[in-house]
Amino acid sequence: MIDIWDLPLWATTGLILLALAAARAALSTARTPQGAAAWVVFLLAYPLFAVPIFALFGGLSRINQRPDKRHGATDDREDAPGRLHALRAITHVPLREGNDLRLLVDGQATFDAMFAAIDAAETEILVQFYIIRADGTGEALRDRLIAASRRGVRVRVLCDLIGSVTLGWRYPRELREAGVEVRGMLAPHHTMGRVGVNFRNHRKNVVIDNKVGFTGGINIGDEYVDGGKHFDTWRDTHLRVEGPMVGHLRKLFAGDWEVVSGQSLPEMPVPGPAGDRLGLVTGFGPTDPLERGSLLFCGLIGLARRRLWITTPYLVPHADVLTAIQLAHMRGVEVRIMIPYPADRWLAWYASRGIARELVRMGIEVHEYVPGLMHQKVMLIDDDIASVGTVNLDIRSLLLNFEATALVEDKGFASEVETMLNADFDRSRPVPDPPPRHVRLLAPVARLFGPLL
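Just so you know, full-length UniProt numbering puts 1 at position 1 of the sequence shown, and the rest follows in order with no gaps.
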């Protein structure tokens, strides 16, 4: 290892000053005290390595925040009555009746529904994903978007440049040659005037003709159908939406599109009723002046009176969210949590096991999904509220990513979610307590990195 004291005096002095400046920035901009402490220790102990890493991954500037504009058609009517109305100050969008919702279980059902809607598009297609791969599924999407553009549909595609880093240049070039508008988003570069790849756009939304929308946990890739190279299956959930909630999805896309392109989307009327279900779609991200992700999930958990079921690929939540889960259990709510048994991120897997052990010892049920990677982000509250979205229950999703989630207040829809989750719990098993030796050894270490995961 290079010793900074072996460097010339001017270089050592400059590096120490940079480390101190970065540590001061971490103290004033980190989203959690734990994250600030982790950065300060790292910067002061290993400045030669920590300073460039902090320049890329650390320090959220709050000066140049994304403006809170109302994109698309305005909707100033009063909220529809419902329990979710209590979260209006957090969601920033109205609770609306008149939605038609369909659960899409796993990748094949999602792609079938999404591609059918794209093939039927007449005027506008808005596509946004964290990951787009140039594999069979990605090519099927590309071909449909090109065909839509050639028949006169206005097509816009937005992807995260980190999540889609393997996409290459050929794929977007072929789309552009067919008239499709394509943008890549490195969120902080565009929204905060600095390079910081730690902040990503994790949304997975599609809007077609301002009539049909999709949101949930599924990206564009073959692994969502066949499990990919490392898993037998890939368990995930998406949602097909018609009605006023489509306007919420379009507003989220419009805000991101304006950030990366400088162009405002044309206004559209608020979509009319298409069903009888009550809900909304809300988004949040690291440029919010308040930590709306954590506030939202604390608020949702606080609504639970009888039941709280959570599925998440990573159980490394903000301390406030973890406390809310524990309080729900202590006031008599049935709390059941499902996490994956096989892992795609080992550090997060061990950190999740450490938190799971803490919850299990309180009497909370924590299950691990065995057949393959369980990647869905779904919550069921009592018999009438459910959420389906892009939000993992980890600090990255709650504080560092731009996310979206659909919140639905409807007993029929909640019953469908219950049936789906019961099938998943039937394929899972309780997390072992005591855990295996390697978990006991590595989980405490992994939890130390929770604020950085």
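Positions of the beta carbon are idealized from the N, C-alpha and C atoms, including for glycine.
query = Grouping DSSP H, G and I as helix and E and B as strand, with all else coil, what is Arg-144?
reply = Assigned with DSSP and collapsed to three states, Arg-144 falls in helix.
inquiry  = I'd like to know whether the C-beta atoms of Pro-244 and Asn-401 end up nearer to each other than 8 Å.
reply    = Not closer than 8 Å, so no.
request  = Can you tell me which of Asp-226, Cys-159, Ala-134 puts its alpha carbon nearest to the alpha carbon of Gly-107?
outcome  = The shortest Cα separation from Gly-107 among Asp-226, Cys-159, Ala-134 belongs to Asp-226.
inquiry  = Let me check one thing: in DSSP terms, what residues is Phe-449 bridge-paired to?
reply    = Per DSSP, none; premise fails for Phe-449.
message = Using only the alpha-carbon positions, how far apart do Pro-81 and Thr-419 sit?
response = If I take the Cα positions, the gap works out to 26 Å.
ask   = Between the C-alpha atoms of Ala-23 and Leu-48, what's the straight-line distance to the nearest angstrom?
value = Cα to Cα, Ala-23 sits roughly 13 Å from Leu-48.
ask   = beta strand (DSSP E) containing Ser-428: first to last residue?
value = Its beta strand (DSSP E) spans residues 428 to 430.
ask   = With C-beta atoms as the reference, is Leu-161 less than 8 Å away from Ile-132?
value = Result no, Cβ atoms of Leu-161 and Ile-132 do not sit closer than 8 Å.
key: Paired residues, beta bridge with Asp-100 - DSSP   = DSSP, once it has assigned bridges, lists Glu-242 as partnering Asp-100.
inquiry  = Do His-318 and Ile-220 have their beta-carbon atoms positioned less than 8 Å apart in this structure?
reply    = No, these two residues do not count as a Cβ contact at 8 Å.
key: Runs of beta strand (DSSP E) lying entirely within the stretch 116 to 190, each at least 3 residues, in chain order   = Fully enclosed beta strand (DSSP E) runs of no fewer than 3 residues occupy 124 to 129, 154 to 160, 181 to 185 of the stretch 116 to 190, in order along the chain.
request  = Report the partner residues of Arg-235 according to the DSSP bridge assignment.
outcome  = Paired residue(s): Met-374.
task = Decide if Gly-412 is buried, meaning its Cβ has at least 16 other Cβ atoms within 10 Å, or exposed.
result = Exposed, because fewer than 16 other Cβ atoms sit within 10 Å of the Cβ of Gly-412.
message = Alpha carbons only, please: which of Tyr-350, Asp-410, Gly-275 is nearest the one belonging to His-383?
response = The question names His, yet the displayed sequence has Asp at residue 383. If we check each option's Cα against that of Asp-383, Asp-410 comes out closest.
key: Alpha-carbon to alpha-carbon, Cys-159 and Gly-293   = It is roughly 21 Å from the alpha-carbon of Gly-293 to the alpha-carbon of Cys-159.
key: Closest Cα partner of Ile-337 within the set Leu-280, Ser-428, Ser-397   = The option with the nearest alpha carbon to Ile-337 is Ser-428.
ask   = Name the DSSP bridge partner or partners of Asp-394?
value = Secondary-structure assignment with DSSP links Asp-394 through a beta bridge to Val-316.
query = Does DSSP put Ser-294 in a helix, in a strand, or in coil?
reply = Residue state, collapsed to three classes: helix.
query = Which residues in the same chain have their Cβ closer than 8 Å to the Cβ of Val-153, if we skip the five residues on either side of it in sequence?
reply = Cβ neighbours of Val-153 beyond the five flanking positions: Ala-121, Glu-122, Thr-123, Glu-124, Ile-125.
task = Determine contact between the stretch 384 to 392 and the stretch 349 to 356, defined as no fewer than three beta-carbon pairs at a distance below 8 Å.
result = As far as the Cβ criterion goes, the stretch 384 to 392 does not touch the stretch 349 to 356, which means the pair count is below three.
request  = Might you give, ordered along the chain, the residues of its own chain that have their beta carbon closer than 6 Å to the beta carbon of Ser-261, omitting 5 neighbours on each side?
outcome  = Same-chain partners within the cutoff: Arg-183.
query = Do you know whose CA, among Asp-209, Val-105, Arg-203, lies nearest Gly-163's CA?
reply = The candidate whose alpha carbon is nearest that of Gly-163 is Arg-203.
message = If distances are taken between C-alpha atoms only, which option among Gly-216, Leu-347, Tyr-341 comes closest to His-230?
response = Selected option, being the one with the closest Cα: Tyr-341.
ask   = How close, in whole Å, do the beta carbons of Ala-113 and Ile-146 come, if the pair is a contact with beta carbons under 8 Å?
value = For Ala-113 against Ile-146, the beta-carbon gap comes to about 20 Å, at or over 8 Å, which does not count as contact.
request  = Classify Met-185 as buried or exposed, calling it buried when 16 or more other Cβ atoms lie within 10 Å of its own Cβ.
outcome  = That one is buried.
message = For a quick check, are the C-beta atoms of Val-246 and Pro-271 less than 8 Å apart?
response = By the CB criterion at 8 Å, Val-246 and Pro-271 fall inside the cutoff.
inquiry  = Can you list, in chain order, the residues of its chain with a C-beta nearer than 6 Å to that of Val-378? Leave out the 5 residues immediately preceding and following it.
reply    = Excluding five sequence positions before and after Val-378, the CB atoms of its chain that fall closer than 6 Å to its own CB belong to Thr-237, Thr-311, Val-388, given in chain order.
ask   = If you drop the 5 nearest sequence neighbours on each side, which residues of the same chain put their C-beta closer than 8 Å to that of His-367?
value = So the qualifying residues of the chain are Arg-336, Ile-337, Met-338, Ile-339, Phe-425, Ser-428, Arg-429, Pro-430, Val-431.
key: Three-state class that DSSP yields for Met-268 in the structure shown   = Here Met-268 sits in coil by DSSP.
Integer Cβ distance of Asp-279 from Arg-96, believed to fall under 8 Å = Note that residue 279 is Gly in the sequence shown, not Asp. Going by Cβ atoms, the distance from Gly-279 to Arg-96 rounds to 7 Å, so yes, they are a contact pair.
ask   = How would you call Gln-376, buried or exposed, if buried means at least 16 neighbouring beta carbons within 10 angstroms?
value = Buried, by the Cβ-count rule.
Residue of Val-281, Arg-306, Pro-286, Trp-169 minimising C-alpha distance to Val-93 = The shortest C-alpha separation from Val-93 is found at Val-281.
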